Structures are given as C-alpha cells and as structure tokens.
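K.L.:
Counting the sequence shown from 1 gives a position; my numbering is that position plus 38. We treat Cβ as the ideally placed atom computed from N, Cα and C, and that holds for glycine. Predicted model, so just to flag it, every value in this text is computed and none were measured. Sharing a structure below in structure tokens format, with a few things to ask.
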Amino acid sequence: MGQDESIPGELLSRLTRFGRVVLLDTVASTNDHALSLASGHEPAVVVARRQTRGRGRFRRPWYSDDESLTFSLLLSKDAPGLPRAGLIVHVAGLALCNAIERATGLKPLIRWPNDVMHRDVKLAGILCEGRRSAIAIGVGLNVNQTTFPEDVHDAGSLRTATGREWDRFELLEGFLKEMLGLLAEAGKGETAGLLSALKERSAVLGRRVEVATLLRRHVGTVIDLDSEGRIVLRTDAGRLLVLGAGQVRRLR
Ligand code: BTN
C-alpha cells in the first residue's frame with residue numbers, strides 16, 4: 039500500500055461524524071477491505087485513491103482512478119432502519135443522486151437497479167455485498183475524469199457533464215448525509231416517501247426496455263417499482279413479470 043488518500047483535516051473531522059473513516063492509497067477492492075473490518079462497530083467508510091481489482095456487478099472489472107470517488111460504506115446488518123437487503127442498493131442510488139444534485143445541480147436518475155445516470159451516460163455504479171453481520175455498499179463515482187478506457191462505452195463524469203471539476207470528498211460527505219438521513223427515515227417506518235422518491239428518480243419507469251436476466255432476455259415496458267425494489271415489467275407478449283435482478287437497456 040502506498041501513500042494514503044489525503045484529505046483536509048476539517049473535512050476529515052466532519053466525515054468522522056458518520057463513523058470510522060479509513061483512507062487508503064491502493065487496495066484491491068474497497069468492498070473487500072470494508073468487509074474485512076466488520077466488527078460490530080459500524081458504520082465505517084473505506085475510501086481509496088485506486089483499486090487494483092475493483093469489481094462491478096456480475097464480477098465485471100470496475101475501472102477507477104484518482105479522478106474518481108471510490109469508497110465503501112460498511113453498515114451492520116442490525117443497523118436501525120436498514121431496509122431489506124434488496125432495497126439497500128436502491129436507497130444508496132437515491133442518496134447518491136440527491137447528493138450529486140445538491141452539489142452540482144444535475145438531475146441524475148437511477149437505471150435500475152444500480153447505475154446512476156445523467157442522460158444516457160453512466161456517472162456511477164453501486165455494488166452491495168454482505169458477509170455475516172455486515173453489508174458493504176460500494177460506490178464508484180466518476181468525478182473529474184475526462185477520458186475512459188476504450189472498452190467502457192457509456193461512461194461520463196460529473197466533469198464531462200458540467201464542464202468543471204468537483205471535490206470528491208465534499209461529494210462523499212453529501213452522500214453520507216443523504217444515506218444516513220434516508221436510513222433514519224426508513225427506521226421510523228416512513229417507507230412510502232422513500233418509494234415515491236425512488237420512482238421519481240427512476241430512469242426506467244414507464245420506459246420500454248430490454249432486461250437481461252441470468253436465464254433470458256425480456257422486452258417490455260416497466261410499469262411499476264414495488265416495495266422490495268423489484269421492477270414490474272409488462273412484456274410485449276402481454277405477461278406481467280416481477281424482476282429482482284437483471285441488466286436493463288432502454289429501448290427507444
Ligand atoms: C457496477 O456498476 O457494476 C457496480 C460498480 C461498483 C464499483 C464500486 S467501486 C467501490 C466498490 N469496490 C468495488 O470493488 N466495487 C465497488
């Protein structure tokens with residue numbers, strides 16, 4: 039591990055209000071590192087400047103560099119207000135969209151289940167992974183990149199979307215505030231507001247899409263998002279399907 043990620047002292051002390059903060063230079067994956075720290079003293083946040091084996095969904099590689107914000111929020115599965123496992127990724131997506139909008143004025147949407155999009159460009163991906171008593175919410179947000187690897191096709195950054203640079207740690211603070219605020223709301227049982235906010239942030243609700251699941255592809259229109267975070271798809275053949283996982287592509 040090289041020199042650790044550095045951050046102004048005042049901002050660091052603001053971040054520590056949310057829990058333990060671990061700043062790393064290079065790590066294989068912040069999700070793995072965070073899960074290895076699980077101790078019952080969560081929340082904790084692991085931030086890295088670089089990952090050597092960052093991964094996305096379906097174990098695809100996830101590219102990030104020091105222009106991106108790469109972190110994992112580690113929560114105890116017993117944390118008050120923690121929604122059911124399937125919903126957490128959506129709550130994290132909502133928190134990230136809210137934080138981005140607050141900071142930059144952009145109005146990002148969630149391409150179900152875990153991509154944060156601005157127009158047709160992917161700004162961030164989220165990967166939630168659990169182990170025993172803890173869950174790691176891993177976030178890769180493209181902040182100041184202007185170029186991307188050749189094999190990444192639909193990526194953009196806050197900088198390419200707004201034409202200026204952004205402070206990664208201010209964005210992290212914004213995310214943590216939003217996320218812990220939403221969890222507190224959920225803890226009080228206020229899930230109706232959460233669900234309607236998720237629907238407003240959806241890039242797929244009401245849209246014609248192709249959904250690739252492990253077994254097959256479905257084409258149809260997303261007619262609802264249910265309280266478990268699943269989409270309800272009316273297929274072109276007229277069937278109603280409730281899907282909890284899959285890769286969505288919007289069709290024109
Ligand atoms: C996806 O879009 O498929 C999800 C990407 C999630 C990437 C983040 S970066 C921080 C955390 N550590 C990882 O190895 N992955 C997640």
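1) Any chance the CB of residue 136 is under 8 Å from a heavy atom of ligand 1?
2) For residue 272, collect the residues of the same chain with a Cβ closer than 7 Å to its Cβ; drop the 5 residues on either side in sequence, then sort them by chain order.
3) CA-CA distance, residue 58 and residue 290?
4) Could you tell me the distance, in whole angstroms, from the CA atom of residue 56 to the CA atom of residue 155?
5) Going along the chain, which residues put their C-beta within less than 5 Å of some heavy atom in ligand 1?
6) Quick one: using the 10 Å Cβ neighbour count with 16 as the cut-off for buried, is residue 237 buried or exposed?
7) Measuring only the C-alpha atoms, how far is residue 223 from residue 254?
8) Do you know offhand how far residue 106's Cα is from residue 226's?
9) So, at 6 Å on beta carbons, what are the nonlocal neighbours of residue 174 in its own chain, with the 5 sequence-adjacent residues on each side left out?
10) Taking DSSP's pairing of strands, which residues face residue 163 in a bridge?
11) Going by other Cβ atoms of all chains shown within 10 Å of its Cβ, with 16 needed for buried, is residue 39 buried or exposed?
12) From residue 197 to residue 94, what does the alpha carbon distance come to, in whole angstroms?
13) With residue 51 as the anchor, note down where its alpha helix (DSSP H) starts and where it stops.
14) May I have the straight-line CA-CA distance separating residue 99 from residue 179, to the nearest angstrom?
15) Helix, strand or coil, according to DSSP, for residue 169 in the structure here?
16) Within the continuous beta strand (DSSP E) that includes residue 249, where are the two ends?
17) Which class does residue 201 belong to by DSSP, given the choice of helix, strand or coil?
18) Put residue 40 into one of helix, strand or coil per three-state DSSP.
19) Buried or exposed for residue 216, please, with buried defined as at least 16 other CB atoms from any protein chain shown within 10 angstroms of its CB.
20) Going straight from the alpha carbon of residue 206 to that of residue 46, what length do you get?
21) Is residue 240 helix, strand or coil by DSSP?
22) DSSP state of residue 98, grouped into three classes?
23) When we look at the beta-carbon of residue 172 and count the other beta-carbons within 10 Å, is it buried (16 or more) or exposed?
P.N.:
According to the data block:
1) Locating residue 136 in the sequence shown gives position 98, counting from the first residue. Exclusion of residue 136 from the 8 Å shell around ligand 1 follows from its C-beta lying no nearer than that to any non-hydrogen atom of the ligand.
2) If you number the sequence shown from 1, residue 272 lands on position 234. The beta carbon of residue 272 lies closer than 7 Å to those of 258, 259, 261, 278 in the same chain, with the five residues before and after it left out.
3) Taking the sequence shown and counting its residues from 1, the one referred to as residue 58 is at position 20. Taking the sequence shown and counting its residues from 1, the one referred to as residue 290 is at position 252. Rounded to whole angstroms, the separation of the alpha carbons of residue 290 and residue 58 is 45 Å.
4) The sequence position of residue 56 within the sequence shown is 18, counting from 1. The sequence position of residue 155 within the sequence shown is 117, counting from 1. Residue 56 and residue 155: Cα-Cα distance of roughly 26 Å.
5) With 5 Å as the limit, the residues whose C-beta approaches a heavy atom of ligand 1 more closely than that are 67, 68, 69, 92, 93, 94, 95, 100, 108, 163, 165, 176, 178, in chain order.
6) Translated into positions along the sequence shown, residue 237 becomes position 199. Classification of residue 237: exposed, given that the 10 Å Cβ count is below 16.
7) Start at 1 with the first residue of the sequence shown, and residue 223 comes out as number 185. Start at 1 with the first residue of the sequence shown, and residue 254 comes out as number 216. Each residue's CA atom was taken as its position, placing residue 223 and residue 254 some 37 Å apart.
8) Residue 106 sits at position 68 when you count from the first residue of the sequence shown. Residue 226 sits at position 188 when you count from the first residue of the sequence shown. So the two alpha carbons sit approximately 34 Å from each other.
9) Sequence index remark: in the sequence shown, residue 174 carries index 136 (1-based). Excluding five sequence positions before and after residue 174, the CB atoms of its chain that fall closer than 6 Å to its own CB belong to 69, 72, 73, 110, 112, 167, given in chain order.
10) One-based indexing of the sequence shown puts residue 163 at position 125. For residue 163, which the question treats as bridged, DSSP gives the partners 153, 178.
11) By one-based count along the sequence shown, residue 39 stands at place 1. The predicted model places residue 39 with a pLDDT of 42, which falls under 50 and marks its position as unreliable; any figure quoted below should be read in that light. So residue 39 ends up on the exposed side.
12) Here residue 197 refers to the residue found at position 159 when the sequence shown is read from its first residue. Here residue 94 refers to the residue found at position 56 when the sequence shown is read from its first residue. Going by the C-alpha atoms only, they are around 22 Å apart.
13) As a first step, residue 51 must be located in the sequence shown, where it is residue number 13. 47 to 54 is the span of the alpha helix (DSSP H), which, as asked, contains residue 51.
14) Indexing the sequence shown from 1 puts residue 99 at position 61. Indexing the sequence shown from 1 puts residue 179 at position 141. In a straight line, the C-alpha of residue 99 is about 15 Å away from that of residue 179.
15) Position 131 of the sequence shown, counted from the first residue, corresponds to residue 169. Three-state DSSP puts residue 169 in a strand.
16) Position 211 of the sequence shown, counting from 1, holds the residue named residue 249. Per DSSP, residue 249 belongs to the beta strand (DSSP E) from 246 to 250.
17) Along the sequence shown, one-based indexing puts residue 201 at 163. Three-state result, residue 201: coil.
18) As a working mapping, residue 40 is identified with position 2 in the sequence shown. Because the pLDDT at residue 40 is just 47, under 50, the model does not fix this residue reliably, and the point stays unresolved.
19) As a first step, residue 216 must be located in the sequence shown, where it is residue number 178. With 16 or more Cβ atoms within 10 Å of its Cβ, residue 216 is classed as buried.
20) Taking the first residue of the sequence shown as 1, we reach residue 206 at position 168. Taking the first residue of the sequence shown as 1, we reach residue 46 at position 8. Each residue's Cα considered, the two are about 12 Å apart.
21) As a first step, residue 240 is located in the sequence shown; it is residue number 202 there, counting from the start. DSSP places residue 240 in the strand class (E or B) of the three-state scheme.
22) By one-based count along the sequence shown, residue 98 stands at place 60. DSSP places residue 98 outside both helix and strand once states are collapsed to three, so it counts as coil.
23) To locate residue 172, count along the sequence shown from 1; it is residue 134. Classification for residue 172: buried.
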